[in-house]
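Okay, so here's the structure we're looking at.
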Amino acid sequence: MTDQLVCKWLDFTATYNNVSKQLEQDLMSRHHLALKEFYVLMYLDCAEDNQLPLKELQNKVGLSQSAMSRLATRMESKDCGVIRRQGYGDDKRGVYAKMTDKGHRFYDEVKVTFEETLRATFQ
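In structure tokens form, the structure reads like this:
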């Protein structure tokens, strides 16, 4: 590995960390939403029927099974209510996360903050 390649990698990771930190701060201060929670809404918004198996969502967001379960519980709670969990038909072991109508409205609002932060960062 060349020194130039290593320097590019370090620059990339520093930029990623700085942008992630700014996104987290802006989402939390304006919407009380963590960046990982935003990613859940984003992936569900992009998915067919706005639903994904919880295991797939866990892998996309980069969380352990227990962390994903806790995050889904918070996002499904009465206070939040932006997703709901449902079983895979007859298979009681598998669970889908599905975005609710409230989740769609909230995501549309939060997405503006996300895009504003990215624009401000990269312009």
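Heads up: the sequence shown begins at 1 in full-length UniProt numbering, then just goes up one per residue. A virtual CB, placed ideally from N, CA and C, is assigned to each residue, including glycine.
If we require 4 or more residues per run, which alpha helix (DSSP H) segments fall completely within the UniProt domain "HTH marR-type" (1 to 123)? Along the UniProt domain "HTH marR-type" (1 to 123), the alpha helix (DSSP H) occurs as fully enclosed runs of 4 or more residues at 3 to 31, 35 to 46, 54 to 61, 65 to 76 and 101 to 122, listed in sequence order.
Assuming L27 and T113 form a contact by the criterion Cβ under 8 Å, report the distance between their Cβ atoms to the nearest whole angstrom. 6 Å
For a quick check, are the C-beta atoms of G81 and K102 less than 7 Å apart? yes
Suppose you measure from the CA of Q65 to the CA of A14; what does that come to, to the nearest Å? Approximately 28 Å between the Cα atoms of the pair.
Buried versus exposed call for V110 [16 or more other C-beta atoms within 10 Å across all chains shown]: buried
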